[in-house]
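Under our numbering, the first residue of the sequence shown is numbered 65, with each subsequent residue one higher. Just so it is clear, CB atoms sit at the ideal spot from N, CA and C, and this is done for glycine as well.
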Amino acid sequence: MANFVFPEEISYFVESIRPFQLVDIGSSKWLDVHEMIIKLSQQAILEASEHREEEVKEFLISRDKLKVMILIHEAYSVFLWKTRVLPHLIEIDPNPPATFLIYTVLFHEAAVISLLDTSLFHVSACEALQDAAIDLVDYCALAVAQVIGLVSMGYHENQSKLDVDEAVLTELERQKRDLIYKIGMRCISILCYLAEHADAIPLSASRRMVVTHDIPWLMADLLLFRPWQRRTDKGIQRFIDEKWITVEGADISKISKQEAQSWFCIQQLLFNQSLMTSYELNEERRKHLSKCQALLQETLLDQIPPLVELKHYLCNLSGSGNLSENQKHKTNLVLEELPEIREKLISEAERIGGFVVVAQKQEEIFLCTDKDKIFEIAKRLNTAYNTDLLAEIEENTSEIAQASTTVENKSVITRKCKMCATNAVKKCANCKNIYYCSKKCQQEDWPQHKRNCIKV
């Protein structure tokens, strides 16, 4: 059984994770922890995809790494580094001799978010966040908004015209933009999990989702912009498992993971009565949310039957008249905790002279001209990313999927409905694993099946 991290190493890796200040990013000790986070992230995805015992997640929680904010701290540190420090480094040298180390830092943020995404599927991980959930909500809301911004400015169109894009963007800028997109797509999942487990995170964090960031509005924007899909010369493509895959025929009407999570997130929040006491459904919000009603077509409802309730809700919302007095006067007079991680990182950078000084201190790391030193770092990072093992696992996964399809096509075994055990020919369109005799049985089983269905 392939592993990125051996079981006996997981505990040591998790224990070794620690937070870094902006000025320490790129140092030898930072690279040590970066390698461990990369491997833990890869291992966590492998465990989840193969339905193994999720040891990485368990060790993260048992060692309080989520609770002490380290992973969220690391995501914010790279976010601030790329927006506040990197521009000063580029001013010093617009053409760095080796950009792979800069890309390594940018990729660190994506690896941390991937690890959080895989872990936060479970309510126990959400509970372990504690006050750090407030910072995570802020981070994810911004990341998703950036994805919408990218798409609205032609990100998908540029992807199919790299010759034109080359004249406008440098390679590093394209890499930055692609990672912003991938991180934002991961953050859709995280917001969905936080909405689903809203009772497991602090009230300040859950209220922040509706009062400060208006996540229902943000999810509606996602559903209207559909950033998980694009049109190219090859046809319609979907973003599946971190890759763009061409879809044809019946697959075009199938719902993608991110689309499903956007629907679930908006439904969980709008149907959460305690949160809605803080959410004023004014005319502008009702009008915007009602735009999603037209998207809830029969093909979608067949795949996710519980969304019928959301469609009824949106129908009533669009047809409702003036707001009641209770809706007009929402009270937000609640003492709330505020996010701390970002402000602490900024304060620490200002303490040593500001972001310009941080860039000057890191010049010898990121603008290094020593070819031998550059080669050694590149060799070290290549080992950490273990691209050969990644390719092997991806190939095995493809073979298993192809074999499963072949067996399914040849099978003459009568399938049984999961609910009533009668003969069934229809299966869940989302995961293709469970069979039902009717839509009624599928709807009744959905509360139990939806967790596994989303995961697939």
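Around the Cβ of residue 78, a 10 Å sphere holds 16 or more other Cβ atoms; the residue is buried. In this structure, DSSP gives residue 296 an extended state, which the three-state scheme calls strand. Measuring C-alpha to C-alpha distances from residue 439 to each of 345, 314, 164 identifies 164 as the nearest. Excluding the 5 residues flanking it on each side, residue 431 has same chain C-beta neighbours closer than 8 Å at 153, 156, 157, 160, 161, in chain order. Non-local C-beta neighbours of residue 210 in its own chain, meaning closer than 6 Å and more than five positions away in sequence, comprise 244, 248, ordered along the chain. The three-state secondary structure of residue 328, taken from DSSP, is helix.
DSSP assignment within the region 174-248 yields the following whole alpha helix (DSSP H) runs of 4 residues or more, N-terminal first: 187-193, 196-216, 219-223, 226-232.
When C-alpha distances from residue 354 are compared across 410, 280, 369, 321, the shortest belongs to 280. Taking the C-beta atoms as reference points, residue 169 is found no nearer than 7 Å to residue 81. Assignment of residue 322 by DSSP, reduced to helix, strand and coil, places it in the helix class. Below 8 Å, enough C-beta pairs join the region 183-197 and the region 259-273 to call them touching: three or more.
Sixteen is the threshold: when 16 or more other Cβ atoms of the shown chains lie within 10 Å of the Cβ of residue 252, as they do, the residue is buried. Going by DSSP, residue 307 is part of the beta strand (DSSP E) stretching over 307-310. Taking the CA atoms as reference points, residue 192 sits about 13 Å from residue 198. About 15 Å separates the beta carbon of residue 144 from that of residue 166, a gap too long to meet the 8 Å contact definition. With a 10 Å radius around the Cβ and a threshold of 16 neighbouring Cβ atoms, residue 220 comes out buried.
Between the alpha carbons of residue 367 and residue 311 lies a gap of roughly 17 Å. Remark: C-beta atoms of residue 133 and residue 196 approach each other more closely than 7 Å. The Cβ atoms of residue 125 and residue 189 lie closer than 7 Å to each other.
Judged by DSSP secondary structure, residue 406 falls within the alpha helix (DSSP H) whose first and last residues are 405-415. Look at the beta carbons and you see the region 327-346 touching the region 372-380: at least three pairs across the two are nearer than 8 Å.
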